[in-house]
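To start, the structure under review is shown below, and the notes come after it.
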Amino acid sequence: MLQAISLHCDRSRRQLFTALDISVAPGQLLQVRGPNGSGKTTLLKILVGLYTDYRGDIEWSLDRPPLYLGHSPGVNSRMTVVENLKWLCQLQGEHCDDQSIDLVLDALGLHGYQETNCSSLSEGQRKRVNLARFFLVNNPCWVMDEPFSSIDVLGFEHLQQRMQEHLSAGGAIILTSHQELTLDAEIRMLELS
Amino acid sequence: MNLFIRTLQRDLLIHLRGASEVMNPLVFFIVVISLFPLGLGPSPDELSRVAPGVIWVAALLATLMSMDLMFRSDFDDGSLEQMIASGQSLIVMVLAKVGAHWLVSGLPLVLLVPVVGLVLFVDAAGLKAMVISLLLVSPTLSLLGAIGAALTVSLARGGLLVSIIVLPLYVPVLVLATGMVQAAVSGADTTGYLYWLLAALMASLTMAPVAIAASLRVAVDQ
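Residue numbers (the numbering used here), protein chains in the order written: chain X, 4 to 196; chain V, 55 to 276.
Following this line, the structure appears as structure tokens:
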């Protein structure tokens, strides 16, 4: 699904990683770990094409781009939860109806927030709005930067469950996290130092 | 096309919900123009002579003022990252965003011109030329201004920088537009000016979105 060969990246004259090879196959989860500032976020941004100051080759064999979760929630504070979700799904080229959005919001503990402006949501709730995309659209690969931060225990369980489904269905996940994951799938570790 | 319409709808919704931000440049436009009769005295001859220039400069500054609204919130809340990472055409989305911005900031200026023109004693021929030229020029100003807004969106306070980047691009359009109005007031033929303004609009409509999309990629690329 993804082949990255001899990636090299410097930031502010500091070498983040060099000669880094990554390959991810369907059904695999790649967990990137490392201390703060070790280049985890930069690596993910490079993989999804948001950061271009690197050397090496990246080859995705996908018919659609990976679904990306960044540090910022990507949720406009003047739009309601449902409006934001519809727009975010539209960006992935999929149309989401109200019913499926309602179901996902219920599962994520955002029941009753459908018509709430995102400006009055907490940080964790905004994150959940963005995470709801992962329940609604069917991109084969997910790239997630700290998906579990500012998420409570129940949300963590739901998300893990959804990840399990995705991996069992032949999807792939690349994520950064320090949490121990309990998934029935091939989990590979990548330590950045 | 679907992407264009969705983006346009989304941005219009966002702009209309933040009505005070959208109103600021329009209020500025009216205030500046209504101050001129107080400063210059109420003589109709003098006012109608300076009117085209005054209205144009005020419209230009009001447009500049509103530029910060174009990409700021999308950059701050991470929507821009999502747009770029989605792999959809950024140029189409940019065009829709500029379109939405023009509908709430440029078009109201065009509609206000007949009113403020009367305050400055512009005659009917002048008003007509002014509305037509502003209708052609305000999208051009939005498109060119968006290049500056995109280049400076990653800076915390890029306001002044936008003006420095964009004003040189605005000057030729401003010269042509005021020329057209002066010609109309003095009864001369305005076709030539009209074609030039149309050409400027077409050039910026085709080229600016590419530059804006590239600038936004640079802004996110850090």
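Cβ atoms here follow ideal geometry from the backbone N, Cα and C, with glycine treated the same way.
Source: prediction; values computed, not measured.
Query	Result
Just list the residues that DSSP pairs Q276(V) with in beta bridges.	Bridge partners of Q276(V): none, in fact.
Could you name the residues of the stretch 44 to 55 of chain X whose beta carbon sits closer than 9 Å to any beta carbon of chain V, in the order they occur along the chain?	K48, V51, G52, L53, Y54, T55
Once DSSP output is grouped into helix, strand and coil, what is the label at C144(X)?	strand
Does the Cβ of Y249(V) have 16 or more other Cβ atoms within 10 Å, making it buried, or fewer, making it exposed?	exposed
What in chain X is Cβ-close to E135(V), meaning under 8 Å?	L53, Y71, G73, S75, G77
P226(V): buried (16+ other C-beta within 10 angstroms of its C-beta) or exposed?	exposed
Quick one: what does DSSP say G59(X) is sitting in, helix, strand or coil?	strand
Shortest alpha-carbon distance to N78(V) belongs to which of V158(V), P98(V), E135(V)?	V158(V)
Rounded C-beta distance between I84(V) and L166(V)? I'm assuming under 8 Å.	7 Å
Show which residues of chain V have a CB atom less than 7 Å away from the CB atom of Q93(X).	R60
The beta strand (DSSP E) that contains M192(X), what's its start and end?	189 to 194
What residues of chain V sit near V145(X), judged by a beta carbon separation below 9 Å?	Strictly speaking, residue 145(X) in this sequence is Trp, with Val absent from that position. The contacting residues do not exist; W145(X) stays about 12 Å from chain V at best.
Could you spell out where the alpha helix (DSSP H) holding H161(X) opens and where it closes?	156 to 171
What residues in its chain sit with their C-beta under 6 Å from that of M234(V), if we drop five residues either side in the sequence?	A183, S187, T244, Y247
Are the C-beta atoms of M82(X) and some chain V residue less than 9 Å apart?	yes
Mind checking whether L70(X) and R165(X) have CB atoms under 9 Å apart?	no
Determine contact between the stretch 145 to 165 of chain V and the stretch 59 to 68 of chain V, defined as no fewer than three beta-carbon pairs at a distance below 8 Å.	yes
Along the stretch 64 to 80 of chain V, what residues have a CB closer than 8 Å to any CB found in chain X?	R64, L67, I68, R71, G72
Any idea what DSSP makes of R60(V), helix, strand or coil?	helix
If you draw a straight line from the C-alpha of V132(X) to the C-alpha of V104(V), how long is it?	54 Å
Do I177(X) and V146(X) count as a contact pair if the criterion is CB distance below 9 Å?	yes
Using DSSP with H/G/I as helix, E/B as strand and the rest coil, what is N120(X)?	strand
At a cut of 8 Å, does the stretch 82 to 101 of chain X reach the stretch 113 to 131 of chain V through at least three beta carbon pairs?	no
Name, in chain order, the residues that DSSP records as bridge partners for A7(X).	I25(X), I61(X)
From L277(V) to L124(X), what does the alpha carbon distance come to, in whole angstroms?	The requested residue 277(V) does not occur in the structure, where chain V is confined to residues 55 to 276.
Does L57(V) come within less than 9 Å of chain X when only Cβ atoms are used?	yes
By the criterion of Cβ-Cβ separation under 8 Å, what are the contact partners of R67(X) in chain V?	G141
Determine whether the beta carbon atoms of D215(X) and G112(X) lie at a separation below 9 Å.	There is simply no residue 215(X) to check, as chain X begins at 4 and stops at 196 in what is shown.
Taking 9 Å as the cut-off, decide whether the C-beta atoms of L170(X) and L134(X) are in contact.	no
For V274(V), which residues in chain B fall below 9 Å Cβ to Cβ?	This model lacks chain B altogether, as its protein chains are X and V.
Exposed or buried, V264(V), counting other C-beta atoms within 10 Å across all chains shown (16 or more means buried)?	exposed
Can you tell me whether Q182(X) is helix, strand or coil according to DSSP?	coil
Using a Cβ-Cβ distance cut-off of 9 Å, determine whether G210(X) contacts chain V.	This structure gives no information on residue 210(X), because the portion of chain X shown stretches from 4 to 196.
Applying the criterion that 16 or more other CB atoms from any shown protein chain within 10 Å of the CB defines a buried residue, is Q276(V) buried or exposed?	exposed
So with CB distances below 9 Å, who are the chain X contacts of S356(V)?	Any property of residue 356(V) remains undetermined from this structure, which presents chain V solely from 55 to 276.
In angstroms with no decimal places, state the Cα-to-Cα distance between W63(X) and V274(V).	21 Å
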